[in-house]
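Read the structure below first, then the notes.
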Amino acid sequence: MSALFSPLKLRDTEFPNRVWVSPMCQYMATDGHVGPWHSAHLGALATGAPGMIMVEATGVTPQGRISIGCPSIEDDAHAMSFKPMIDFAHSLNVKMGIQLAHAGRKASTMRPWDDHRMASTQEGGWQAVSSSATAFEGYPIPRELTTDEIKVITEHFATAAARAVKVGFDVIEIHAAHGYLMHQFYSPLMNHRTDEYGGSFENRIRFLLETTQAVRNAIPQTTPLLVRISATDWADNGWNLIDSIELCTQLKSLGVDQVPSVIGPDRCQTKLPSPLRLSHPHRSQHPHSRSRPHHRTRTSRTHHRHRRSRCSLLSACNAPQSTMGTYGFRETQSPN
Ligand SMILES: Cc1cc2nc3c(=O)[nH]c(=O)nc-3n(C[C@H](O)[C@H](O)[C@H](O)COP(=O)(O)O)c2cc1C
-12 MSALFSPLKL RDTEFPNRVW VSPMCQYMAT DGHVGPWHSA HLGALATGAP GMIMVEATGV
48 TPQGRISIGC PSIEDDAHAM SFKPMIDFAH SLNVKMGIQL AHAGRKASTM RPWDDHRMAS
108 TQEGGWQAVS SSATAFEGYP IPRELTTDEI KVITEHFATA AARAVKVGFD VIEIHAAHGY
168 LMHQFYSPLM NHRTDEYGGS FENRIRFLLE TTQAVRNAIP QTTPLLVRIS ATDWADNGWN
228 LIDSIELCTQ LKSLGVDQVP SVIGPDRCQT KLPSPLRLSH PHRSQHPHSR SRPHHRTRTS
288 RTHHRHRRSR CSLLSACNAP QSTMGTYGFR ETQSPN
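With the first letter of the sequence shown counted as 1, position 112 gets the number 99 in this note's numbering; the numbers rise by one all the way through.
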């Protein structure tokens, strides 16, 4: 049997195979609750019998969501909305993970196919927060978090993780990639703080380490914990691979089982090494791309769906995200 289709054990959880579905935003939640769309989406994926499905970025609070259409797991009612999908996946021996997220300064958007980007208060939008009061390109200036607020968000991650395990999720992942809140702290390009959460490498990773520790403490020892990071900003003076390796070492010591790594530069103008740039002729079509054409022109949902499937293909051949793979900490992770 090939390694891909052989079982994998992380802590007490055995995955029937190593084909895992990456988290994919759907923008189809209602007030943070998942419903029929997600039943169909996740259910269809489950019928393919992957070893695990990682549910999309899910806000630990309503303000942690990326868009007004993203799910959240802010309370038990929101957690329960995932239960039918979890039960269905389990009936097919498919494990379910959830990616716990806070979008920080990239929050409070409309859905990608809406005709404008930012959600107003009337549309359900909110004031975004970040490590520093500097905006993501084209977005409003976020409010800088106080140290007390940082600690509260850490608690939100921990309670959300406990809630997720209670409702039946098998794996917890902290979303620390793609320019979202955790990345906004560890990247020197986005973090301009002068307190204990900014400046030195140790200070910039403090929020992620404290959150990881709190989440690890909040879930059973038997539950695998993953942290998804952006392995490099691919920019001068940005976060780099050496930083990531040091971070991984520290995450491992806190009980993290895997660090799925992507390369999600926060800025789309980032200069990729030229062989990789060749694979990006349509970079602006990625749903997380800054210069999203659908934000300017998309009105047809059908057209968007079509584009979304193309985005998956583009992402699949997107060298920055694909070539880095996963830092596996456990021997069983090695594909031999
Ligand atoms: C429509 C769509 C939505 C995505 N949503 C998320 C997400 O919620 N969280 C995340 O970490 N990555 C997200 N991604 C990135 C994917 O998880 C994945 O990393 C990317 O498609 C590359 O595929 P690979 O990991 O199989 O190489 C999304 C990608 C697509 C195409």
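In this text, a Cβ means the ideal position worked out from N, Cα and C, and glycines have one as well.
With respect to the 7 Å criterion, residue 73 and residue 150 are not classified as neighbours on the basis of their beta carbons. Contact between residue 45 and residue 86 holds, with the beta-carbon distance rounding to 6 Å and staying under 8 Å.
When DSSP states are grouped into helix, strand and coil, residue 243 belongs to the coil group. The beta carbon of residue 43 is closer than 8 Å to those of 10, 11, 12, 13, 57, 58 and 86 in its chain, skipping five residues each way along the sequence.
When DSSP states are grouped into helix, strand and coil, residue 22 belongs to the coil group. For residue 140, the uninterrupted alpha helix (DSSP H) segment begins and ends at 134 to 154. Residue 102 is classed as exposed because its beta carbon has fewer than 16 other beta carbons within 10 Å across all chains shown. In this structure residue 174 is buried. Its beta-carbon is surrounded by 16 or more other beta-carbon atoms within 10 angstroms. Short of 7 Å from the beta carbon of residue 137, and not among the five residues preceding or following it, lie these beta carbons of its own chain, in chain order: 184 and 194. Contact between residue 69 and residue 154 holds, with the beta-carbon distance rounding to 6 Å and staying under 8 Å.
With contacts defined as CB atoms closer than 7 Å, residue -1 and residue 209 qualify as a contacting pair. Per the C-alpha coordinates, the member of 23, 37, 135 and 90 positioned closest to residue -9 is 37. Ranking 156, 94, 243 and 148 by CA distance to the CA of residue 84 puts 156 first. Beyond the five residues adjoining it in sequence on each side, residue 203 comes within less than 7 Å, by CB distance, of 212, 241 and 242 in the same chain, given in chain order. In the DSSP assignment, residue -8 falls outside any alpha helix (DSSP H), carrying neither H nor E.
The beta-carbon separation of residue 222 and residue 176, rounded to 6 Å, stays under the 8 Å limit for a contact.
At least one heavy atom of ligand 1 sits closer than 6 Å to the Cβ of residue 43. In this model, residue 22 and residue 39 are separated by some 20 Å (Cα to Cα). The beta carbons of residue 3 and residue 80 sit about 6 Å from each other, so the pair counts as a contact at 8 Å.
Taken from the Cβ of residue 49, every heavy atom of ligand 1 lies 6 Å or farther away. Taken atom to atom, the span from the alpha-carbon of residue 122 to that of residue 237 is near 29 Å. The DSSP-derived three-state label of residue 55 is coil. With contacts defined by Cβ atoms closer than 7 Å, residue 141 and residue 198 form a contacting pair. Of the residues 55, 92 and 228, the one whose Cα lies closest to the Cα of residue 125 is 92. The beta carbon of residue 55 is closer than 8 Å to those of 95, 96, 97, 98, 106, 110, 111 and 112 in its chain, skipping five residues each way along the sequence.
The C-beta distance from residue 164 to residue 229 rounds to 17 Å, too long to fall under 8 Å, and the pair is not in contact. The beta carbon of residue 169 is closer than 6 Å to those of 163 and 195 in its chain, skipping five residues each way along the sequence.
When DSSP reads this structure, residue 2 sits in a beta bridge with -5. One alpha carbon belongs to residue 30, the other to residue 77, and they sit about 10 Å apart.
Cβ-Cβ distances below 6 Å link residue 120 to 128 and 131 in the same chain, with the five nearest sequence neighbours on each side left out; the list follows chain order. Excluding the 5 residues flanking it on each side, residue 24 has same chain C-beta neighbours closer than 6 Å at 15, in chain order.
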